[in-house]
Every structure is written in C-alpha cells, then in structure tokens.
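The numbers in my numbering rise by one with no breaks, and the one at position 213 of the sequence shown is 305. Here a beta-carbon is modelled for each residue, glycine too, at the ideal position from N, C-alpha and C. These notes concern the structure reproduced below.
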Amino acid sequence: MGSTLTKTFAASMSVQRNVPWAYTPRRTASPLLFLLGLVFMIVATTLQGVVLWKMSERGQEPERLGEINGLFPKVPSKVVQFRNDTHFRPLDLSDPRWNEVMPRGGGFIEVSRSEAKGARLPPEIHTRGMTVYNVAVFHQMHCLHALAGELKHLIDMVRDGAPTGTEVQPSRLEHIEHCLAYLKESLACCGDTALEGQSDISEEPSTDGFGSIHVCKDFGRIFDMAEGRRVSNMPGYPDANSHH
C-alpha cells in the first residue's frame with residue numbers, strides 16, 4: 093500500500109509539473125504585483141516628501157532683510173569692502189553717484205492683485221488703478237539724500253550770514269525728523285556686524301568705517317528688480333520736501 097501511495101503522490105507531482113497552466117498565474121501575477129507595489133511606494137514616498145517639505149518650509153526662518161511673502165525674489169549676498177570715494181560730493185544732490193543707487197521710478201513697484209491676496213502686507217500706497225508698494229532700501233536712500241540736501245541748505249544759510257534766529261520751515265523740519273527716526277530703525281534692523289578698524293586719516297584711536305569687509309546683499313540685483321517693476325519712469329529722487 094505504501095508503494096501504491098508513493099506512486100500516486102509521484103504521479104500527482106509529475107502531473108502538476110507537466111501542466112503548464114498550474115504555475116502560469118503565479119508567474120504572471122508576481123511581476124505585475126511587484127510593479128504596482130513599486131509604483132505605489134514611489135508615489136507615497138514622493139507625496140510624503142512634498143508634505144514634509146511644505147511643513148518645513150512653513151517653519152523656516154524668513155529671509156533676513158527679505159520680503160516675507162516672497163513677492164521680491166531672494167537676493168544673494170556678496171562680500172564688499174567699503175571704500176572712501178573721494179570723488180563723491182554727498183552735499184551736492186546733483187552728483188551722479190546719488191542716482192547710481194536710485195532706480196527709475198524711485199523704488200515704487202506694482203504688486204498684482206493676485207500676488208497681494210492673502211499676503212501679509214501693509215495698506216497699499218494710494219495710487220489710482222494700481223497696487224503699489226515701495227522697496228524699503230530706496231526709502232532709506234531717499235531719506236539719506238533728503239538729509240544731505242537739508243544739511244547743505246543749513247550750511248548755505250550760515251555761510252550767507254543768515255540772521256540769528258532764522259527758522260527752518262516746519263514742513264522741512266518734520267521731514268528731517270522723519271528721516272532721522274526712519275534711518276535709526278533701518279540701521280537697527282540691518283544690524284551689520286562687520287568689524288571696523290583704525291582710520292587711515294588719523295593717528296588718534298578712531299575709525300571711519302572704510303576698508304572693512306562686509307557681507308552685503310547684491311544691491312545690483314535689488315536695483316534691477318525695482319526698476320523692472322517700476323510704476324513710472326520718474327528719474328532721480330522723489331521730492332525731498334515730502335515723505336517718500
């Protein structure tokens with residue numbers, strides 16, 4: 093009987109090995125299931141990566157001195173050595189070097205309604221038919237330029253022998269005070285920590301700031317961006333007797 097069972101079992105195995113369709117479903121399904129599983133894993137991993145990236149992006153620290161909504165492209169840094177330009181006449185507002193740092197349009201740029209929607213922005217500048225904002229660095233340049241003009245005016249008054257007690261117009265004084273307060277906040281915001289050394293024009297312990305190495309934003313990129321999105325072709329600086 094044992095011999096019979098052995099022969100029957102062997103015959104059964106032989107039949108299974110010799111029947112093509114007995115293993116055909118397994119051979120076909122295995123690669124297909126493997127492929128589907130692989131595709132699923134790739135898609136799931138990709139989606140997980142996107143979700144994690146978005147979560148980490150929301151938690152990232154904003155670009156330092158950048159625009160928090162991403163409406164102004166990130167600007168790369170560059171190493172700059174401050175040099176004293178002996179040809180620059182700061183009190184002469186017509187000196188062409190002043191215009192080298194002020195793009196056409198005065199730094200006022202247009203932001204589309206779709207860009208502004210949902211963004212953390214201050215109230216837009218009152219301009220008919222456009223959503224307008226000003227790039228901060230050009231407001232700062234305007235203030236510096238305006239202060240230079242007011243200082244030149246005061247120096248000229250003294251040189252011309254202005255009577256004692258001569259007063260500056262209230263509107264001009266208000267503008268000077270505004271610019272001083274605004275530049276104070278701007279300098280504190282920038283927080284430049286470059287180390288400055290001994291002045292080369294004095295033997296006394298002092299520094300004039302020139303010759304030190306600073307890590308700066310690429311101002312040329314900022315200039316080009318502001319000029320590219322300008323709302324007008326106004327050259328030079330806005331009216332020095334009014335707030336930017």
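In this structure, the alpha-carbon of Q290 lies about 28 Å from that of L157. Three or more Cβ pairs drawn from the stretch 193 to 200 and the stretch 308 to 327 lie within less than 8 Å of each other, which places the two stretches in contact. Straight-line spacing of the CA atoms in L243 and L183 works out to 8 Å. By the criterion of at least three beta-carbon pairs nearer than 8 Å, the stretch 222 to 230 is not in contact with the stretch 166 to 178. A Cβ-Cβ contact shorter than 8 Å links L163 with A211. Taking 8 Å as the upper bound for CB-CB distance, D310 and K170 are in contact here, some 5 Å apart.
Rounded to whole angstroms, T285 and T258 show a C-alpha spacing of 41 Å. Taking the Cβ atoms as the reference, A318 lies roughly 6 Å from I201, within the contact range of under 8 Å. Out of C308, N325, S324, the CA that lies nearest to the CA of P168 is found in C308. Of the other Cβ atoms in all chains shown, fewer than 16 fall within 10 Å of the Cβ of H218; this residue is therefore exposed. For I305, no alpha helix (DSSP H) segment is defined; the enclosing uninterrupted segment is the beta strand (DSSP E) at 305 to 309. According to DSSP, Y225 shares a beta bridge with I201. With 16 or more neighbouring CB atoms inside 10 Å of its own CB, Q232 falls in the buried class.
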